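Positions 1 to 137 (the numbering used here) are the ones given, in order, by the sequence shown.
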Amino acid sequence: MKAVSSIIAALILGLGLSASAHDIHTDEVCSTQVADLCVHMGFHKAPVSTEASEFMVHFTSGSLDLAALDNVAVDLWMDMGHGHGHGTAPVKMQRLNADHFAVTEAWFVMAGPWQIRVNFEHDGVKDQIIVPIQVAK
Numbered sequence: 001m002k003a004v005s006s007i008i009a010a011l012i013l014g015l016g017l018s019a020s021a022h023d024i025h026t027d028e029v030c031s032t033q034v035a036d037l038c039v040h041m042g043f044h045k046a047p048v049s050t051e052a053s054e055f056m057v058h059f060t061s062g063s064l065d066l067a068a069l070d071n072v073a074v075d076l077w078m079d080m081g082h083g084h085g086h087g088t089a090p091v092k093m094q095r096l097n098a099d100h101f102a103v104t105e106a107w108f109v110m111a112g113p114w115q116i117r118v119n120f121e122h123d124g125v126k127d128q129i130i131v132p133i134q135v136a137k
């Protein structure tokens, strides 16, 4: 029964956050350590501070095997300046295919500028790409 529940939950997540087109996209930001590897986020709904957000992490490359991406993780960070900042509770993430990762339970707890920090490894090279976003109230 638990296995059936897990399958149903995965199907619902997959339908709600499929690798299909999204209405809202962040700018694409490229890795400084892995040549020709970039990432952007796709949202069906703009992130707000009053409810959990869901979005797609989409890696792009013209030459790399994206199936070689490993240890992909996302955290949310608000830089408050002067060396201060804060994060949020961990997000939930599921790999949908070689280049798409569905993120749920992303709580941007305040309105303002945030960073989606995407940590990953590709062929043994570790990097973090920071994608800036603006969160509304």
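The C-beta atom is built at its ideal place from N, Cα and C for all residues, glycine as well.
Model, not experiment: these values are computed from the prediction.
A contact is defined here as three or more CB-CB pairs under 8 Å, and the segment 51-59 meets this definition with respect to the segment 98-113. Under DSSP, Gly42 forms a beta bridge with His25, Met56. Counting along the chain, the unbroken beta strand (DSSP E) around Thr104 starts and ends at 100-106.
Taking C-beta atoms as the reference points, Ala98 and Ala67 count as a pair closer than 9 Å. In the displayed model, Leu69 falls within a strand according to three-state DSSP. Here Ile130 is exposed: its Cβ has fewer than 16 other Cβ atoms, across all protein chains shown, within 10 Å.
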